[in-house]
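Chemist: Note that my numbering has the sequence shown beginning at 2, numbered continuously upward.
Positions of the beta carbon are idealized from the N, C-alpha and C atoms, including for glycine.
For reference, the structure I am asking about is given below.
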Amino acid sequence: MINFEDTAKLMNNLLTAGGFLSSGDNVMTISWGMAGVLWRKKVFLAVVRKSRYTHSFIEQNKTFTVSVPYDGDMKSALGVCGSVSAKSGIDKWEKAGIEKQKAKSVDGYVVKGCKGYLECRVITRLDMGACDLKEIGTFYADGDMHDFYFAEIIDEYYD
Numbered sequence: 002m003i004n005f006e007d008t009a010k011l012m013n014n015l016l017t018a019g020g021f022l023s024s025g026d027n028v029m030t031i032s033w034g035m036a037g038v039l040w041r042k043k044v045f046l047a048v049v050r051k052s053r054y055t056h057s058f059i060e061q062n063k064t065f066t067v068s069v070p071y072d073g074d075m076k077s078a079l080g081v082c083g084s085v086s087a088k089s090g091i092d093k094w095e096k097a098g099i100e101k102q103k104a105k106s107v108d109g110y111v112v113k114g115c116k117g118y119l120e121c122r123v124i125t126r127l128d129m130g131a132c133d134l135k136e137i138g139t140f141y142a143d144g145d146m147h148d149f150y151f152a153e154i155i156d157e158y159y160d
């Protein structure tokens, strides 16, 4: 049986306060995503713009982690990771004052000190350009679309 009791708390905190998505050595802020069951697997749907540096890491590694602080913790670090690009040579981990912790099941890192963690392996990617955008097209007037990454949650743990 697939359990969502702890996942629900993680998702509530992600949507209200934000979290970190990391792939390889890169980290960014996210504030949305979805968890559910597809293809008999517990999955997380990460939505990442093609223009984001993290996009190239996910494409290369085919894995990512989600680290979620609870109760508004790490608000300043989330702000840094959501406004600075490592593409410019800035070490976001250092600038945000967060520490890397080796992930347990994927080759990558989680953000040490968070309360909930998902380690994910990409199953498939859907290009948003293939979607009907009538209802949401105003969010993409500049053409900077997202890709939807459907990823199996292969490890999940909470501190």
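#1: Mind checking whether Pro-70 and Ala-36 have CB atoms under 8 Å apart?
#2: Which word fits Ile-91, buried or exposed, when buried means at least 16 other C-beta atoms lie within 10 angstroms of its C-beta?
#3: May I ask you to list the residues that DSSP assigns as paired with Ala-36?
#4: If we ignore side chains and look at the alpha-carbon of each, how far apart do Asn-62 and Thr-139 end up?
#5: Between which two residues does the beta strand (DSSP E) carrying Ile-155 extend?
#6: When the Cα atoms are used, what is the spatial distance from Met-75 to Gly-20?
#7: I'd like the list of long-range same chain contacts for Thr-8, defined as Cβ closer than 6 Å, with 5 residues on each side in sequence excluded.
#8: Does the distance from the CB of Ile-59 to the CB of Val-49 come in under 8 Å?
#9: Distance, Cα to Cα, Tyr-118 vs Asn-13?
#10: Between Arg-122 and Val-107, how many whole angstroms is the CB-CB distance? I'm expecting something under 8 Å.
#11: The beta strand (DSSP E) that contains Ile-124, what's its start and end?
#12: May I have the straight-line CA-CA distance separating Gly-114 from Lys-96, to the nearest angstrom?
#13: Tell me which residue opens and which closes the alpha helix (DSSP H) that Ile-59 is part of.
#14: Look at Thr-55 and Glu-120 and say whether their C-beta atoms are less than 8 Å apart.
#15: Considering Cα atoms alone, identify which of Ser-89, Lys-93, Ala-131, Ala-87 is closest to Ser-77.
#16: According to DSSP, simplified to helix, strand and coil, what is Gly-114?
Modeler: If we stick to the structure as given:
#1: Counting from one through the sequence shown, the residue named residue 70 turns up at place 69. Counting from one through the sequence shown, the residue named residue 36 turns up at place 35. Not closer than 8 Å, so no.
#2: Along the sequence shown, one-based indexing puts residue 91 at 90. The residue is exposed, with fewer than 16 neighbouring Cβ atoms inside 10 Å.
#3: Translated into the one-based positions of the sequence shown, residue 36 becomes position 35. Note: Ala-36 sits in a beta bridge opposite Phe-45.
#4: For the purposes of this step, residue 62 is taken as the residue at position 61 of the sequence shown. For the purposes of this step, residue 139 is taken as the residue at position 138 of the sequence shown. Going by the C-alpha atoms only, they are around 31 Å apart.
#5: Here residue 155 refers to the residue found at position 154 of the sequence shown. Its beta strand (DSSP E) spans residues 147 to 159.
#6: If you number the sequence shown from 1, residue 75 lands on position 74. If you number the sequence shown from 1, residue 20 lands on position 19. For Met-75 and Gly-20, the distance between alpha carbons rounds to 9 Å.
#7: Taking the first residue of the sequence shown as position 1, residue 8 is located at position 7. Ala-36.
#8: Indexing the sequence shown from 1 puts residue 59 at position 58. Indexing the sequence shown from 1 puts residue 49 at position 48. Yes. Within cutoff.
#9: Here residue 118 refers to the residue found at position 117 when the sequence shown is read from its first residue. Here residue 13 refers to the residue found at position 12 when the sequence shown is read from its first residue. Each residue's Cα considered, the two are about 13 Å apart.
#10: On the sequence shown, residue 122 is found 121 positions in, with the first residue counted as 1. On the sequence shown, residue 107 is found 106 positions in, with the first residue counted as 1. With a Cβ gap of about 7 Å, Arg-122 and Val-107 count as contacting.
#11: Numbered from its first residue, the sequence shown carries residue 124 at position 123. Taken as a continuous stretch (DSSP letters only), the beta strand (DSSP E) holding Ile-124 covers 117 to 128.
#12: The sequence position of residue 114 within the sequence shown is 113, counting from 1. The sequence position of residue 96 within the sequence shown is 95, counting from 1. Approximately 16 Å between the Cα atoms of the pair.
#13: For the purposes of this step, residue 59 is identified with residue 58 of the sequence shown, where counting begins at 1. Taken as a continuous stretch (DSSP letters only), the alpha helix (DSSP H) holding Ile-59 covers 54 to 62.
#14: Numbered from 1 along the sequence shown, position 54 holds the residue referred to as residue 55. Numbered from 1 along the sequence shown, position 119 holds the residue referred to as residue 120. No, Cβ-Cβ distance for Thr-55 and Glu-120 is not below 8 Å.
#15: Within the sequence shown, numbered from 1, the residue matching residue 77 stands at position 76. Ranking Ser-89, Lys-93, Ala-131, Ala-87 by CA distance to the CA of Ser-77 puts Lys-93 first.
#16: Along the sequence shown, read from residue 1 onward, the residue named residue 114 stands at position 113. Looking at Gly-114 - three-state DSSP - the assignment turns out to be coil, as it is neither helix nor strand.
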